[in-house]
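According to UniProt numbering, the residues represented by the sequence shown are 1 to 407, in order.
Cβ atoms here follow ideal geometry from the backbone N, Cα and C, with glycine treated the same way.
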Amino acid sequence: MKSCILVINCGSSSLKFALIDPVSQQEVLSGLAEKLGMAGSQITFKHGPTPRRSFRQPGEKDVSPLEGGNHAAAMDAIIARLKDEDLLDSVKAVGHRVVHGGEVFKSTVVIDDSVLAEIEKCSKLAPLHNPANLLGIRTAMQQFADLPQVAVFDTSFHQTMPEHAYLYAVPMSLYREHGVRRYGFHGTSYRYITSKAAELLGKPLEETAFVCAHLGNGASATAIKGGKSVDTTMGLTPLEGSVMGTRSGDIDPGIIGYLGSELNLSVAGVMDVLNKKSGLLGLSELSSDCRELQEAASAGNEAAKLALDIFSYRLAKHIAALTVGLGRLDALLLTGGIGENSAYVRANVINRLGFLGLKLDDDANAACTRGKVGRITTEESLPALVISTDEEMMIAMDTAKLAGLAA
């Protein structure tokens with residue numbers, strides 16, 4: 001039987017997983033448990049190219065209600081399906097996505113008690129993410145007590161940033177004593193797409209200079225030179241940077257005190273507005289979903305159009321600014337749910353960046369959706385590439401290496 005890696009990406013109300021063969025680099029089984037802790041919780045399973053059961057089809061999906069509706073119930077359902085598919089014994093290690101590793105974790109690590117304690121400490125820097133990641137780790141450790149558990153950090157990729165990029169202009173004591181600095185996120189995604197882009201362009205990764213944008217409900221952009229992060233838009237937390245689905249991105253810090261006074265809100269109350277009620281949702285007063293906003297904009301909804309224009313304009317500004325850290329630009333890379341599928345947003349961004357040497361190929365842009373990888377600029381233009389990210393594969397390969405299962 002194949003030796004596989006079980007990848008766990010645990011959110012506050014979701015649990016995404018994938019069972020991956022690190023030798024063939026294929027997903028054997030994957031899935032998503034949603035609405036955990038809420039009414040209507042369910043789990044979706046998707047089968048890989050060679051299902052274990054003859055009655056399953058490659059790529060087949062099936063959805064089931066999730067009795068119990070919590071993370072433990074989701075893990076129970078995953079284990080039950082692995083048993084049903086005769087795959088449970090193939091699991092040889094478990095890899096976990098962890099959002100914030102602070103300055104402690106500069107690379108992937110095998111999880112032990114000291115690692116758990118440090119992840120717990122970093123929870124104050126990512127209160128929406130790290131507690132959920134810890135929940136996934138502890139649940140998996142109960143279910144797979146004898147297997148290596150590995151943590152892959154979003155922030156570790158950005159530990160190569162120079163001081164002038166990661167330090168804020170605040171008293172240095174805040175950095176020394178409280179860790180106030182730019183950390184950056186989406187690092188696992190950036191590692192994956194930069195290596196793929198170097199392959200597509202036929203250049204050694206260490207000789208490349210890319211600006212990469214990971215665009216989804218959370219959105220960030222990063223300057224990557226020679227495969228190393230030199231600057232990024234997200235900061236101490238994932239709130240800083242570009243406009244996002246429900247997050248404001250960059251604002252005047254004075255707004256926090258002003259809103260607290262005007263609306264009689266605590267700091268936590270203001271942060272709730274900025275994290276959960278702002279971004280595309282707040283601007284459009286309609287939805288945080290880019291697809292819904294595009295449909296509404298096409299139907300004449302001016303608020304939806306404005307929200308998308310602001311999203312695109314702010315992103316274009318960040319992309320241009322990030323080239324300062326590179327000294328040159330070899331290609332713009334776009335990934336994530338919006339980056340991979342929204343020709344509308346891609347066009348809106350690239351058409352603002354002609355001064356960098358980018359010129360959109362409208363036909364190529366329109367054709368590049370639903371997992372397609374390709375160039376969306378003209379031949380005489382600087383390349384802009386759409387690349388489907390695969391964070392689960394990166395986590396699996398890191399885990400396999402530390403668990404001694406790499407090819």
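{"Asked": "C-alpha gap between Y344 and L322, whole angstroms", "Found": "22 Å"}
{"Asked": "Collapsed DSSP secondary structure at E392 in the structure displayed", "Found": "helix"}
{"Asked": "contact_flag[the stretch 189-197, the stretch 120-137] where n(CB pairs < 8 Å) is 3 or more", "Found": "no"}
{"Asked": "Whole-angstrom distance between N341 and G48, CA atom to CA atom", "Found": "22 Å"}
{"Asked": "Opening and closing residue of the beta strand (DSSP E) in which L308 lies", "Found": "Careful: L308 lies outside any beta strand (DSSP E), inside the alpha helix (DSSP H) at E302 to L322."}
{"Asked": "Bounding residues of the alpha helix (DSSP H) (the contiguous stretch that carries S278)", "Found": "From DSSP, S278 is part of no alpha helix (DSSP H); its letter is neither H nor E."}
{"Asked": "6 Å CB neighbourhood of E60 in its chain, flanking five on each side removed", "Found": "H47"}
{"Asked": "Stretch-stretch touch, CB-based, cutoff 8 Å, three pairs: the stretch 7-19 with the stretch 81-91", "Found": "yes"}
{"Asked": "Simplified DSSP state of I251, which is helix, strand or coil", "Found": "coil"}
{"Asked": "The stretch 141-161 / the stretch 102-122 touching (three or more Cβ pairs under 8 Å)", "Found": "yes"}
{"Asked": "Exposure of L6, with buried meaning 16 or more beta-carbon neighbours within 10 Å", "Found": "buried"}
{"Asked": "Span of the alpha helix (DSSP H), counted from its first residue to its last, around H100", "Found": "Segment: none, H100 is in no alpha helix (DSSP H) and carries neither H nor E."}
{"Asked": "Cβ neighbours of S288 in the same chain (closer than 7 Å, five flanking residues each side left out)", "Found": "N217, G245, T246, G279, L280 and L281"}
{"Asked": "Three-state secondary structure assigned by DSSP to N9", "Found": "strand"}
{"Asked": "Per DSSP, the bridge partner or partners of Q294", "Found": "In the DSSP output, where bridge partners are listed per residue, Q294 has none listed."}
{"Asked": "CA nearest to the CA of D362, picked from F355, A347, L353 and G354", "Found": "A347"}
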